[in-house]
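Notes follow the structure.
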Amino acid sequence: MADDGSRPFTPAELSTHTGFALNGLDRLSNQRDDQAHIEGLMADPASRFVVVGRDRPVLKRLDEGYDPLFTRAEAEAIGKHRECALLGVRDGVAYFGLLLDDSVIVIEDVADEGGMVDIRHFVIPGRDDLFVHDLRPLAIEGAFAPAIYGLLGEAKSLLYWHARHRFCSACGEPSDFAGAGWRRQCPSCRALHFPRTDPVVIMLAVHNGDCLLGRQPRFNKGMYSALAGFLEPGETIEDAVRREILEESGIRIGRVAYMASQPWPFPSSLMIGCIGEALNRDIVVDKTELEDCRWFSHGDIVKMFERNHPQGFMAPHHLAIAHHILRAWRDGEAPGFG
Ligand SMILES: [Zn+2]
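Residue 79 is where the sequence shown starts when you use the working numbering, and the numbers rise one by one after that.
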């Protein structure tokens with residue numbers, strides 16, 4: 079079977095086209111407390127480990143490109159390490175995520191030619207054969223199979239949680255790693271803690287054949303994307319969609335339909351992609367959130383995907399769920415509203 083994480087029973091799901099959505103793993107959720115079994119998988123020479131340090135994946139440098147998969151011995155030899163979580167099994171191979179201690183990775187400020195501090199390099203001293211890099215540009219580069227990004231995303235989100243939840247939030251005592259990495263428990267007050275996922279709604283408002291997109295100042299020049307915001311406690315997905323669009327653009331939304339979802343490991347979000355029926359057209363841009371927000375015609379969107387829009391406007395990158403929601407709408411595959 080091709081190592082692309084494909085799931086033959088869900089070929090039409092829009093979610094499967096989004097970045098980080100596929101890893102094809104059997105997460106063995108009913109075997110996580112079988113310590114002997116987990117240790118057996120860890121000891122299996124066929125098992126592979128992805129390594130994360132300071133919230134970034136560690137990769138082996140190859141003559142051409144990089145390899146994110148290590149043997150256990152290779153992974154543990156990198157340096158002092160903390161939690162090691164079971165990610166799952168695929169095609170008979172178990173995959174684990176290993177978290178390095180922060181002390182292993184040194185952050186160097188690198189100056190550009192003009193002498194200005196340009197970018198931070200994450201370095202493991204004495205290991206020029208390893209490369210530590212932010213996952214987002216690695217994913218945009220698209221050097222690995224989709225299943226590898228799914229694996230790295232799962233590891234990054236889960237290990238980020240461990241790195242920041244070492245103490246019981248109920249009583250403050252250090253908590254213990256448990257359930258092969260899918261739980262922490264407090265030896266003092268017995269509280270159980272589970273890895274968090276933060277839901278974010280991201281949505282396309284549509285009205286009379288047009289759709290609403292906005293841009294944040296940090297976006298690449300000319301790029302417009304779907305509006306988005308965190309879902310709050312006590313809120314339905316539909317209400318979060320209506321509230322966020324109204325807050326950011328002044329547009330009131332009636333009906334809302336779900337389209338797709340995407341795990342987004344920066345650090346632990348789940349993007350919930352929706353489409354909503356706009357009830358008015360007068361935009362009032364929330365300038366604290368957005369630089370601009372406007373209606374786009376279907377013809378605009380076609381040109382934005384073709385990168386020949388006369389005003390230089392562009393659709394979001396295909397790594398992002400917004401790209402796929404917008405593409406589905408362009409192609410007439412989004413839920414309609416009468
Ligand atoms: Zn406690």
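We treat Cβ as the ideally placed atom computed from N, Cα and C, and that holds for glycine.
- Each of Cys246, Ala248, Cys249, Glu251, Cys264, Ser266, Cys267 and Ala269 has a C-beta closer than 6 Å to some heavy atom of ligand 1; these make up the full list, in chain order.
- With the rule of 3 Cβ pairs closer than 8 Å, the segment 263-278 does not count as touching the segment 166-175.
- Membership of His376 in the alpha helix (DSSP H) is indicated by the continuous run His376 to Glu384.
- About 5 Å separates the beta carbons of Ile329 and Ala283, which is inside the 8 Å limit, making them a contact pair.
- Going by C-alpha positions, Gly257 is about 19 Å away from Arg150.
- Residue state for Leu177 is assigned as strand, using DSSP reduced to three classes.
- For Ala217, the CB contacts under 6 Å within the same chain, skipping 5 residues up- and downstream, are Gly97, Tyr227 and Leu397 in chain order.
- DSSP assignment within the segment 208-281 yields the following whole beta strand (DSSP E) runs of 3 residues or more, N-terminal first: 208-210, 254-256 and 261-263.
- Arg408: not part of any beta strand (DSSP E); member of the alpha helix (DSSP H) spanning Ile399 to Arg408, first to last residue.
- The alpha-carbon separation between Ile323 and Gly377 amounts to approximately 23 Å.
- Counting only residues of its own chain and dropping the five nearest sequence neighbours on each side, Leu309 has a CB closer than 6 Å to the CB of Pro277, Val279 and Ala318.
- Closest option to Phe209, judged by alpha-carbon separation, among Arg126, Leu106, Ala412 and Arg139: Arg139.
- According to the DSSP assignment, Ile116 belongs to no beta strand (DSSP E) but to the alpha helix (DSSP H) extending over Gln113 to Ala121.
- Restricted to the segment 143-176, the alpha helix (DSSP H) segments that are unbroken, complete and at least 4 residues in length are 150-155, listed in chain order.
- In terms of Cα proximity to Ala335, the closest of Pro265, Gly354, Leu348 and Thr366 is Gly354.
- Counting of Cβ neighbours within 10 angstroms places Asp254 among the exposed residues, the total staying below 16.
- Shortest Cα-Cα distance from Leu236 to any of Arg261, Glu219, Asp180 and Gln294 involves Arg261.
- Between Gly287 and Ser375, the C-beta gap is smaller than 8 Å, which places the two residues in contact.
- DSSP places Leu324 in the helix class (H, G or I) of the three-state scheme.
- Ranked by Cα distance from Glu142, the first of His211, Ala221 and Arg268 is Ala221.
- The beta strand (DSSP E) runs of length 3 or more contained entirely in the segment 283-356 are, from start to end of the chain, 288-293, 305-308, 331-342 and 347-356.
- Taking 8 Å as the upper bound for CB-CB distance, Arg296 and Tyr302 are not in contact here, some 13 Å apart.
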